[in-house]
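Asks: Protein chains in written order, with the numbering used here: chain H, 6 to 523; chain Z, 6 to 523. C-beta atoms are modelled at their ideal positions from N, C-alpha and C, and glycine is treated no differently. First, the structure itself, so that you have it in front of you.
Protein chains: 2
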Amino acid sequence: MTTGANIIGFITSKKSESTFQGVTASGTSAGFHPATQSEIDAAMQKASEAFQLYRNFTGEHKAIFLRAIADEIEALGETLIETAMNESGLPEGRIIGERGRTCSQLRLFASYVEEGSWVEAVIDRADPNRQPLPKPDIRKMLVPTGPVVVFTASNFPLAFSTAGGDTAAALAAGCPVVVKSHEAHPATNELVSLAIQKAAKRTVMPDGVFSSLNGDYEVGQALVKHPVTTAVAFTGSFRGGKALFDLANKRPVPIPVFAEMGSVNPIFIMPNSLESKSESIAKQIAASVSLGAGQFCTNPGLVFVPEAGVKDFAKTLAEAMSHVQPQCMLNHRIFESYLRSLHQVKHEHEISIVYEGELQDAPNIRPSVGITDLEAFLKNPHMQEEVFGPFTLLVTYSGTDDLLKVANTLQGQLTATVFSEEHQLPLYRVLLNDLQNIAGRLILNSVPTGVEVCNAMQHGGPFPATTDSRFTSVGTAAIRRFVRPVAFQGFPGELLPEALHDGNPLKIWRLEDGEYRK
Amino acid sequence: MTTGANIIGFITSKKSESTFQGVTASGTSAGFHPATQSEIDAAMQKASEAFQLYRNFTGEHKAIFLRAIADEIEALGETLIETAMNESGLPEGRIIGERGRTCSQLRLFASYVEEGSWVEAVIDRADPNRQPLPKPDIRKMLVPTGPVVVFTASNFPLAFSTAGGDTAAALAAGCPVVVKSHEAHPATNELVSLAIQKAAKRTVMPDGVFSSLNGDYEVGQALVKHPVTTAVAFTGSFRGGKALFDLANKRPVPIPVFAEMGSVNPIFIMPNSLESKSESIAKQIAASVSLGAGQFCTNPGLVFVPEAGVKDFAKTLAEAMSHVQPQCMLNHRIFESYLRSLHQVKHEHEISIVYEGELQDAPNIRPSVGITDLEAFLKNPHMQEEVFGPFTLLVTYSGTDDLLKVANTLQGQLTATVFSEEHQLPLYRVLLNDLQNIAGRLILNSVPTGVEVCNAMQHGGPFPATTDSRFTSVGTAAIRRFVRPVAFQGFPGELLPEALHDGNPLKIWRLEDGEYRK
């Protein structure tokens, strides 16, 4: 099925003599050719040339391309589903759902740039009579930064990989994309890359608007260091994301790395809700912790439970956990790392295990739950570290003051969740306020997994959850990662970008002389 | 007048036994006490505590504080004007103008946060009936990041110093500010700091919302490294800004440094406009190059002139330059560095001087103009380096192709300017398009100096002009440097920040279910 080639704009290329194997449920897949330096240069050069055209494409034109990608991905049919299941170990329902999300994201961004208000047009008109100096006409809008390098994520072989959220956002902004494919799903990557290539050709995009390169960490490094690259998107481990961040900052021209590095997504259960809703909360947490074998960035790895009710709660949670079916982890490396983390939890951090899921034949697993008290937790910062997999740690506390202490000690998180009866919530106003300091999204009476793709989503929290809490990698605002404002002063109408013309021909929302108008 | 103390929230403090002298036109000013580590810690600790209160203050409350600062600065009257003139060597008109700008900026940000739409509220309402999963209620808004360290700029002793644009933007956002005062104007800093302290007390702000510390580079480093600091604003040299940027990225928790490091702000004169408007253009450029002794970040240091008409143009420019009165540079260090740069231009880069302004008694100077051709310019990247002072380099070119080559070779700039007859401008569409890649603001038929403070301003261009071209340090959008989005999921109305309440009680512009409403 797959050829193992790199996709460089409109061609395929296999210059390296060595190849690597993809690992699948049924053994290995075809040999994949890692990109050579000349292939990396070719992809980046093409991206740079494509940018000079693509950045000026209208929203309508980019929308046609994005929708064509979604169509071509759907046209891959069963082949894509089987390949992705085979490489990721994820069940069919999940992969079908993820394909749905991937195509929805592409179509959402298509509509978003077609509508056009995302450029944040601001117009301050001239006032030649202003004293002491005349006021010039200044108009500003967002423009794309240039070629973007996207690292694909092993835990989202479709929705945060080759044609995932980062790629969709960058292409929507007007930035060509060069994907560094993931060694864990190179065949899935090739299929999707060829679908994008087909869509690009069909919709008359410039050669180089999209490329996809195979390879290990060195290929990734070369892409980040390439002078043509203007931004990097990454979803994965702290170690991986931080290394790219450091590398990008050491470039002669530093560039932003938007690394989403996960977190433990603390949940705080208030005494009142434990009394009334213990079972419902336990069930929700059990499902959230074990969703996708606990391999989601918003997986709740830390649950603060009132000391008074913890015994019963732990029992209820264990009961709920025991109904979770064994699940396959993404790959052996991740499975082994999960085992190591569990071992650490038990033997180095001396955490008691209140429920231990049977470990099936590798890489099949079931969730586990640990327990500790607040004092021990506050003493050992390692307990804040993410265990990538279906594990959560219960931490017992006695009063709200304890939680305030926690809220001001925890490192940066993607999310923070509070369970409480609604009428009692005002009691926890201070806690909710303090949690804003450490998280990008606060959730009440629901679990953090299941990240809604919408305008209001913020998926990105203070370091080390991400490298830049000012941006989101999910939702329409993700486009802002790949743009910068440019102001035009004293330009006659015909030379301005259409978004800034008098009369608002694009009918977009604009801030004109201080008022939003359409 | 001044005491040489550090301002730490509501107290003054002089713990160090050593002092340094301020240099003034009439000699030196009182001994200033550099901040000790314990004073740095005290200021940051107070800032951290103040943040917990101040970040929740309403727009109205913050506006009262910002306006009180402007009032207290004006109440300093002649003392401030004399002190700033004395320390900076800048003439009275300039200092009075700069005080006006400083107070306008403070009042502009007051109105901006009072109006309130700056929080970019986004509301996506719930849809419990959505299939396959119910849609949650998610609402997002910008919140302040935390304490901000502001480095004051020697070339703007008021408007980009103690109570300048960075401080105004950070305080408006809800971030406490700790200022690192500039050794070139410590007395001016102390006067303004005490005015801010007075305003803070009078308007019942939390102790620590503002502090100001004296010291050299080491004090600055300690502030950037302090764990409580969440962002840094800097206006100054490339060397200084880049060093802070590197330092901030090496922190255990990296933070953004918004460094505006200046540029050469190229001007492109088209043949048609040289024919018709040579004299007017020469006069505008002469005035722009020599404005404030050439010590503005938007000073045009590079002018591309058609080879055919350069002789006459150079003559006209020299004539215009000869009418410029001698000006005093900011301080001896800058004056000497200007002399070194001029020497380099002449003897290392072998650039011919077409007009050499007489060097008066140091630090008084008059502008100078060099000339070279495009070939030599493209060969020597040093010719792109900023000469901080009233110097500009004419570069001759023969055709538009030459300019496209330049537009794709030049490093990042704050601005790029084109002079052309309006009816001929469409001929230069490609050039204007390419210039977007290298500059933050494009200007037609006017000079880059004189940066309008408005919504549409973009003062920030690609590296090395700034460390982050996605942000501006001038205009209302400067507030965005000190905020990040937080999403609230499933929150009942009463627990949401007021900006996100149903019914829009603050009457701000919000993006509600995809539409802007007020």
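1) Run down chain Z in chain order and give the residues with a C-beta less than 9 Å from the C-beta of Asn460/H.
2) Would you check if the distance between the CB atom of Gly225/Z and the CB atom of Lys288/Z is smaller than 8 Å?
3) Taking DSSP as the reference, what is the three-state secondary structure of Val315/H?
4) Which same chain residues, not among the five before or five after Arg60/Z, have their C-beta less than 6 Å away from its C-beta?
5) Taking C-beta to C-beta, are Val258/Z and Phe318/H nearer than 8 Å?
6) Does Lys410/H come within less than 8 Å of chain Z when only Cβ atoms are used?
7) Taking C-beta pairs closer than 7 Å, name the residues in chain H that Glu457/Z reaches, listed in chain order.
8) May I ask you to report which of helix, strand or coil DSSP gives Gln463/Z?
9) How big is the Cα-Cα spacing for Val310/Z and Pro331/Z?
10) Strictly under 8 Å for the Cβ-Cβ distance: is Phe62/Z near chain H by that measure?
11) How should Tyr222/H be labelled, buried or exposed, when 16 other C-beta atoms within 10 angstroms of its C-beta is the threshold for buried?
12) Kindly list the residues whose CB is nearer than 6 Å to the CB of Phe114/Z, restricted to its own chain and excluding five residues on each side of it in sequence; keep chain order.
13) Buried or exposed, going by whether 16 or more other CB atoms sit within 10 Å of the CB of Ala367/H?
14) I'd like to know if Glu503/H contacts chain Z, where contact means its C-beta is closer than 8 Å to some C-beta of that chain.
15) Using a 10 Å radius around the Cβ and a threshold of 16 neighbouring Cβ atoms, would you call Arg144/H buried or exposed?
16) Along the chain, where does the alpha helix (DSSP H) containing Met90/H start, and where does it finish?
17) Using a Cβ-based criterion (distance less than 7 Å to any ligand heavy atom), does Ala461/H qualify as near the ligand NAD?
18) Short of 6 Å in beta carbon distance, which residues of its chain neighbour Leu516/H, apart from the five on each side in sequence? Order them along the chain.
19) Less than 8 Å between the C-beta atoms of Leu163/H and Gly169/H, yes or no?
20) Can you find a CB in chain Z that lies within less than 8 Å of the CB of Gln110/H?
21) Just checking: is the beta-carbon of Gly246/Z within a distance shorter than 8 Å of some beta-carbon in chain H?
22) Helix, strand or coil for Thr481/H, going by three-state DSSP, please let me know.
23) Tell me, please, whether the stretch 152-160 of chain H touches the stretch 187-201 of chain H by the rule of three or more beta-carbon pairs shorter than 8 Å.
24) Strictly below 8 Å CB to CB, what residues from chain H border Pro576/Z?
25) Which residues in the same chain as Ser242/Z place their Cβ atom closer than 8 Å to its Cβ, once the five residues preceding and following it in sequence are excluded?
26) To the nearest angstrom, how far is the alpha carbon of Val233/Z from that of Glu44/H?
27) Can you list the residues of chain Z that Glu427/H reaches, using a CB-CB cut of under 7 Å?
28) Helix or strand or just coil, what does DSSP make of Phe62/Z?
29) Look at the alpha carbon of Ser357/H and the alpha carbon of Leu398/H, and state the distance between them as a whole number of angstroms.
30) Flag Ile286/H as yes if its beta-carbon sits less than 8 Å from any beta-carbon of chain Z, otherwise no.
31) Would you list, in sequence order, the uninterrupted alpha helix (DSSP H) runs of no fewer than 4 residues that lie entirely inside the stretch 351-402 of chain H?
32) Relative to the C-alpha of Thr7/H, which residue among Gly14/H, Ser23/H, Ser34/H is closest?
33) In this structure, what does DSSP give as the bridge partners for Leu147/Z?
34) Which whole-angstrom value describes the C-beta separation of Thr303/H and Asn270/H, a residue pair presumed to lie in contact below a C-beta threshold of 8 Å?
35) For Met5/Z versus His187/Z, is the C-beta distance shorter than 8 Å?
36) So, is Gly375/H buried or exposed, given that buried needs 16 or more other C-beta atoms within 10 angstroms?
Replies: Looking at the coordinates:
1) The answer, in chain order, is Val127, Ile128, Asp129, Ile143, Lys145, Leu516, Asp518, Gly519.
2) Contact check for Gly225/Z against Lys288/Z fails: the beta carbons are separated by 8 Å or more.
3) Judged by DSSP in its simplified three-state form, Val315/H adopts helix.
4) If we look at Arg60/Z and ignore the five residues flanking it on each side, its Cβ neighbours are Pro149, Gly179.
5) Going by C-beta atoms, Val258/Z is not nearer than 8 Å to Phe318/H.
6) Output row for Lys410/H: interface = no.
7) Simply Lys140, Pro141, Ile143.
8) Correct three-state label for Gln463/Z: coil.
9) If you take the alpha carbons of Val310/Z and Pro331/Z, they lie about 26 Å apart.
10) Closer than 8 Å: no.
11) By the beta-carbon neighbour count (other beta carbons within 10 angstroms, threshold 16), Tyr222/H is exposed.
12) Once the five neighbours on either side are set aside, the close Cβ partners of Phe114/Z are Leu71, Ala173, Ala177.
13) Exposed is the call here.
14) No, because no Cβ of chain Z sits closer than 8 Å to the Cβ of Glu503/H.
15) Counting Cβ neighbours within 10 Å, Arg144/H comes out buried, since at least 16 surround it.
16) Residues 82-93.
17) As presented, the structure is devoid of all ligands, the ligand NAD included, so that no description of it is given.
18) For Leu516/H, where only same-chain residues beyond five positions count, the Cβ hits under 6 Å are Val127.
19) Note that the C-beta distance between Leu163/H and Gly169/H is below 8 Å.
20) Not closer than 8 Å to any Cβ of chain Z, the Cβ of Gln110/H fails to qualify, so no.
21) No - not a single Cβ of chain H is within 8 Å of the one on Gly246/Z.
22) Three-state result, Thr481/H: helix.
23) Yes: the two stretches touch, three or more of their Cβ pairs being nearer than 8 Å.
24) Any answer about residue 576/Z is impossible in this case: the structure gives chain Z only from 6 up to 523.
25) Excluding residues within five positions, the ones whose Cβ falls inside 8 Å are Met266, Gly267, Phe393.
26) Here the alpha carbon of Val233/Z sits roughly 45 Å from the alpha carbon of Glu44/H.
27) Ordered by position in chain Z, the residues that pass the 7 Å Cβ test against Glu427/H are Pro497.
28) Phe62/Z: coil per DSSP, three-state reduction.
29) The alpha-carbon atoms of Ser357/H and Leu398/H are separated by roughly 9 Å.
30) No, Ile286/H does not count as interfacial toward chain Z.
31) If we require 4 residues or more, the alpha helix (DSSP H) runs fully inside the stretch 351-402 of chain H come out as 379-384.
32) Ranking the options by Cα distance to Thr7/H, first place goes to Ser34/H.
33) Pro490/Z.
34) With 8 Å as the limit, Thr303/H and Asn270/H qualify as a contact, their Cβ atoms being about 5 Å apart.
35) Here chain Z has residues from 6 to 523 only, and residue 5/Z is not among them.
36) Within 10 angstroms of the beta-carbon of Gly375/H lie 16 or more other beta-carbons, which makes it buried.
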